[in-house]
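Positions in the sequence shown are counted from 1; adding 290 to them yields the working numbering.
We put the CB at the ideal spot given by N, CA and C, even for glycine.
Treat the numbers as computed from the prediction; the structure is a model and nothing was measured.
Take a look at the structure below.
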Amino acid sequence: MPKRNANSDEKGTFAKLYDVQEQMSRRNAKPLGRPRKKVQRKPTTIHLTQAENRKLSRLHLTVSEQVSINRSELVGVAIDALATLIEKKGPAALEEMQLDDVETFREIVFDFMKL
């Protein structure tokens with residue numbers, strides 16, 4: 291009797307065979323379409339002036355010659371750079387100055403960067 295149980299275990303049950311077959315089919319399946327980026331981005335809308343759009347396009351062309359990057363990633367880098375700059379200078383630096391409009395903010399940022 292024990293011989294018979296050992297014999298049936300060697301052959302495997304349907305469930306065991308099915309699991310192996312399913313794992314093999316998953317391994318061979320190729321994902322459809324382009325692979326996902328490592329960082330998922332949330333779609334959002336930004337409204338650019340024509341000049342800002344041209345600057346973004348020129349920047350994209352310049353940078354994309356060196357590294358594969360899309361416009362969304364460029365905007366993300368700009369946001370990170372601006373946030374880091376303000377964090378380094380401290381929020382107090384912005385509070386000391388009176389921000390009336392975007393142009394004033396732009397001037398303050400360029401002063402921070404010493405451009």
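Mind reading off the beta-carbon distance from L372 to R361? Whole number of angstroms is fine, and I expect it under 8 angstroms. Start at 1 with the first residue of the sequence shown, and residue 372 comes out as number 82. Start at 1 with the first residue of the sequence shown, and residue 361 comes out as number 71. In fact, because the Cβ distance is near 17 angstroms, the residues do not count as touching under 8 angstroms.
Can you give me the C-alpha to C-alpha distance between P381 and S358, rounded to a whole angstrom? For the purposes of this step, residue 381 is taken as residue 91 along the sequence shown, with counting starting at 1. For the purposes of this step, residue 358 is taken as residue 68 along the sequence shown, with counting starting at 1. So the alpha carbons of these two residues sit roughly 34 angstroms apart.
According to DSSP, simplified to helix, strand and coil, what is L349? Translated into the one-based positions of the sequence shown, residue 349 becomes position 59. Note: L349 maps to helix in three-state DSSP.
For K379 and G323, I'd like the C-alpha separation in whole angstroms. Taking the first residue of the sequence shown as position 1, residue 379 is located at position 89. Taking the first residue of the sequence shown as position 1, residue 323 is located at position 33. Spanning the two alpha carbons is a distance of roughly 44 angstroms.
Rounded separation between E386 and I398 - CA only: Looking up residue 386 in the sequence shown gives position 96. Looking up residue 398 in the sequence shown gives position 108. Their Cα atoms are separated by approximately 11 angstroms.
Taking a contact to mean a Cβ-Cβ separation below 8 angstroms, would you say L375 touches F395 in this structure? What you label residue 375 is simply residue 85 of the sequence shown in a count that begins at 1. What you label residue 395 is simply residue 105 of the sequence shown in a count that begins at 1. No.
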